[in-house]
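J.: Our numbering numbers the first residue of the sequence shown as 19 and each following residue consecutively.
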Amino acid sequence: MTDYDKLEKELHKDCEELSKDFVKQYNENYISAGGAKLDAFIYEMQQEFNNTAIKFLQQRHLLHNKEAKKRTLNITKHYAKNCVEHFSKVTK
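(1) Between the stretch 53 to 60 and the stretch 22 to 30, do at least 3 Cβ pairs fall closer than 8 Å?
(2) Between which residues of its own chain and aspartate 32 is the CB-CB distance below 8 Å, once the five residues before and five after are set aside?
(3) So, is threonine 20 buried or exposed, given that buried needs 16 or more other C-beta atoms within 10 angstroms?
(4) Determine the direct distance from the alpha carbon of glutamine 65 to that of leucine 81, and round the result to whole angstroms.
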């Protein structure tokens, strides 16, 4: 039986670290960037959250577990959305 609460806690930790990494990258390389460069950064960030979800599921042999996949994608989408909103506010 899969312990979804434990998995979610692990994924939250991974997503927090990824979010921190992107904030650091943004502050170092993109804070004054605009337009296409910022769009590319946001796209890269979203892709990295998707990759994190897939890697997370693969490492735990849960890629074909519908419930685990659903929960994982919901969490990573939430973090990606929060990052996009954060960076959108900063650039305004």
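Note that CB positions come from ideal geometry on N, CA and C, so glycine has one too.
T.: So, to answer that:
(1) Flag = no, the stretch 53 to 60 and the stretch 22 to 30 do not touch.
(2) For this step, residue 32 is matched to residue 14 along the sequence shown. These residues qualify, in order along the chain: Thr70, Phe74.
(3) Translated into positions along the sequence shown, residue 20 becomes position 2. Under this definition threonine 20 is an exposed residue.
(4) Working through the sequence shown from its first residue, we reach residue 81 at position 63. Working through the sequence shown from its first residue, we reach residue 65 at position 47. Between leucine 81 and glutamine 65, the C-alpha separation is close to 18 Å.
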